[in-house]
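Visitor: Handing you a structure now.
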Amino acid sequence: ETGVTQTPRHLVMGMTNKKSLKCEQHLGHNAMYWYKQSAKKPLELMFVYSLEERVENNSVPSRFSPECPNSSHLFLHLHTLQPEDSALYLCASSQAGIYNEQFFGPGTRLTVL
Amino acid sequence: SQQGEEDPQALSIQEGENATMNCSYKTSINNLQWYRQNSGRGLVHLILIRSNEREKHSGRLRVTLDTSKKSSSLLITASRAADTASYFCATALRGGSEKLVFGKGTKLTVNP
Numbered sequence: 569e570t571g572v573t574q575t576p577r578h579l580v581m582g583m584t585n586k587k588s589l590k591c592e593q594h595l596g597h598n599a600m601y602w603y604k605q606s607a608k609k610p611l612e613l614m615f616v617y618s619l620e621e622r623v624e625n626n627s628v629p630s631r632f633s634p635e636c637p638n639s640s641h642l643f644l645h646l647h648t649l650q651p652e653d654s655a656l657y658l659c660a661s662s663q664a665g666i667y668n669e670q671f672f673g674p675g676t677r678l679t680v681l
Numbered sequence: 005s006q007q008g009e010e011d012p013q014a015l016s017i018q019e020g021e022n023a024t025m026n027c028s029y030k031t032s033i034n035n036l037q038w039y040r041q042n043s044g045r046g047l048v049h050l051i052l053i054r055s056n057e058r059e060k061h062s063g064r065l066r067v068t069l070d071t072s073k074k075s076s077s078l079l080i081t082a083s084r085a086a087d088t089a090s091y092f093c094a095t096a097l098r099g100g101s102e103k104l105v106f107g108k109g110t111k112l113t114v115n116p
């Protein structure tokens, strides 16, 4: 275990549903990340929170909405998704700073019907 | 194209053999990191090499960095079936913050 947990591990939703992904880290880190991993594509950085402020938003569609209420928790709120949003969504945390490794959760496998 | 590209895309070897994976990148970096991912799981950090370092070791892993060629290699010696996984390089760009840019990865299969 890496100290980063994600729930749920699997999620199937229709295009009109609203759901949320949750990430929690127990490592005392102050930066958290959401990544999207699709087949045959590089890992895509979606959002970065550093010291609870969003510092990166990689042109992600507004149907994905992140929330970071404190340094230990990160959410990704989903609404009116498209089938092409089906992917593995990975959360990671680190100490803020460029020389620090990132610790990843196990991911949520999302399927949009 | 993306910042980091691993080569080969897939590699199949026998247990006991060495495995070498390469990563090329395009822009100046602060550091380069290698991660491993077992099928359908999260990534696990293996090793970080800074831009002013040329070689680093960790157990059976050896990483080299050539900033003049903008490339890195990961060598796994005496491979085991448990090393079967995908391996990714990630670059921390110079002038950047906490952002890492990942490649598509090399899928390594170690046959018993």
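Going down the list, the protein sequences come from chains Y and E.
Using this note's numbering, you'd call the opening residue of the first sequence number 569 and step up by one each time.
Using this note's numbering, you'd call the opening residue of the second sequence number 5 and step up by one each time.
Glycine included, C-beta positions come from ideal geometry on N, C-alpha and C.
For residue 14(E), which of helix, strand or coil comes out of DSSP?
Guide: As a working mapping, residue 14(E) is identified with position 10 in the second sequence. In this structure, residue 14(E) counts as strand in the three-state DSSP scheme.
Visitor: Any C-beta of chain Y within less than 9 Å: which residues of the segment 32 to 47 of chain E qualify?
Guide: So the close ones are 34, 35, 37, 39, 41, 44, 45, 46, 47.
Visitor: Where residue 6(E) and residue 105(E) are concerned, what is the direct C-alpha to C-alpha distance, given to the nearest angstrom?
Guide: The count along the second sequence starts at 1 and reaches residue 6(E) at position 2. The count along the second sequence starts at 1 and reaches residue 105(E) at position 101. Note that residue 6(E) scores 47 on pLDDT, short of 50, meaning its location in the model is unreliable; the coordinates nonetheless yield the value given after this. Each residue's Cα considered, the two are about 8 Å apart.
Visitor: Could you tell me the boundaries of the beta strand (DSSP E) in which residue 662(Y) lies?
Guide: As a first step, residue 662(Y) must be located in the first sequence, where it is residue number 94. Unbroken beta strand (DSSP E) run through residue 662(Y): 655 to 662.
Visitor: Per DSSP, residue 586(Y) forms a beta bridge with which residues?
Guide: Your numbering for residue 586(Y) matches position 18 in the first sequence. 647(Y).
Visitor: Work out the CA separation of residue 584(Y) and residue 114(E) for me, nearest whole Å.
Guide: The residue labelled residue 114(E) in the question sits at position 110 within the second sequence. The residue labelled residue 584(Y) in the question sits at position 16 within the first sequence. Residue 114(E) and residue 584(Y): Cα-Cα distance of roughly 43 Å.
Visitor: Shortest alpha-carbon distance to residue 82(E) belongs to which of 70(E), 35(E), 60(E), 65(E)?
Guide: In the second sequence, counting from the first residue as 1, residue 82(E) sits at position 78. The residue with the shortest Cα to Cα distance from residue 82(E) is 65(E).
Visitor: Scan the segment 17 to 60 of chain E and note each continuous alpha helix (DSSP H) run of 4 residues or more that stays entirely inside, going in chain order.
Guide: None, since the segment 17 to 60 of chain E contains no complete alpha helix (DSSP H) of that length.
Visitor: Closer than 8 Å is the cut-off here; do at least three beta carbon pairs connect the segment 20 to 36 of chain E with the segment 71 to 81 of chain E?
Guide: Cβ pair count under 8 Å is three or more, so yes.
Visitor: What separation, rounded to the nearest whole angstrom, lies between the Cα atoms of residue 57(E) and residue 659(Y)?
Guide: In the second sequence, residue 57(E) corresponds to position 53, counting from 1. In the first sequence, residue 659(Y) corresponds to position 91, counting from 1. One C-alpha to the other measures close to 29 Å.
Visitor: Please look up how many angstroms separate the CB atoms of residue 570(Y) and residue 592(Y), rounded, as I've assumed it's under 8 Å.
Guide: Within the first sequence, the letter at position 2 stands for residue 570(Y). Within the first sequence, the letter at position 24 stands for residue 592(Y). About 12 Å; that fails the 8 Å criterion.
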